[in-house]
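J.:
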Amino acid sequence: MATTVLALTALITVYLTMSAWKVQQETARPYFILKESPKIDLGNELSFELRFNNVGIHPAVNLSSKTVIFDERLDDKPIYEDESSIVNDIPKETSSSLIVTIPSEEIYPKQLEIKAHFIVIDLQYSDPILNKAYSQTIYMKWTGVKEGQLQPIVHVRVDEKETILGYFQKQKINPKLRN
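91 is the number that the working numbering gives to position 91 of the sequence shown; each next residue is one higher, with no gaps.
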């Protein structure tokens, strides 16, 4: 009887140790945040610079992104849809920039009024230590230009995210798919 109790206790201890180890490993995974507010440039073309910072402990490899930008009125196809990838490892506390340039035939940057646009960026990357793939989707809204004044980029509200997902379904867009 005592041997059975000891064996059962040892089994529970091993299970709890393994569970704690898995949780610890998962918290060390790579994870990207926007290090600072995205920069907006209205030169000859509209461009956005987004700086992502790996705040995880593990490095990220095979980082790819898909960016989709479309008018908040949701009445047309996206004005921008592109993919990008980085071949170098991104260690912890290292930044990587994504620069998006919208051709002037899509949005003429010299206008006094530019309507708001949604920006959706899907990041996919791997953790070479855990050998696992991860995905993050970031939903933002550029509030445009009002009376010649550049407006900021903000995070979308929950109801706007639902609207965006409906728009993607209607337009047959899947930001997670890569070419």
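No residue lacks a Cβ here, since even glycine has one placed at the ideal position from N, Cα and C.
These numbers were taken from a predicted model, which means no experiment stands behind them.
Identify the residues that DSSP records as bridge partners of Val145: which are they?
T.: Ile114 and Leu150
J.: Please list the segments of the beta strand (DSSP E) lying wholly inside the region 39-69, counting only runs of 3 or more residues, in order along the chain.
T.: 39-42 and 46-54
J.: Note down the Cα distance separating Lys66 from Ser85, rounded to an integer number of angstroms.
T.: 9 Å
J.: Quick check on this structure: which residue in Pro103, Leu63 and Asp75 has the alpha carbon closest to the alpha carbon of Gln171?
T.: Looking from the CA of Gln171, the closest CA among Pro103, Leu63 and Asp75 belongs to Asp75.
J.: Pick helix, strand or coil for Leu74, following the three-state DSSP scheme.
T.: coil
J.: Within the continuous beta strand (DSSP E) that includes Thr101, where are the two ends?
T.: In the DSSP annotation of this structure, the continuous segment of the beta strand (DSSP E) that includes Thr101 starts and ends at Ser95 to Ile102.
J.: Under the three-state reduction of DSSP, which class applies to Ile164: helix, strand or coil?
T.: helix
J.: Would you say the region 102-112 touches the region 31-46, given that touching needs at least three Cβ pairs under 8 Å?
T.: yes
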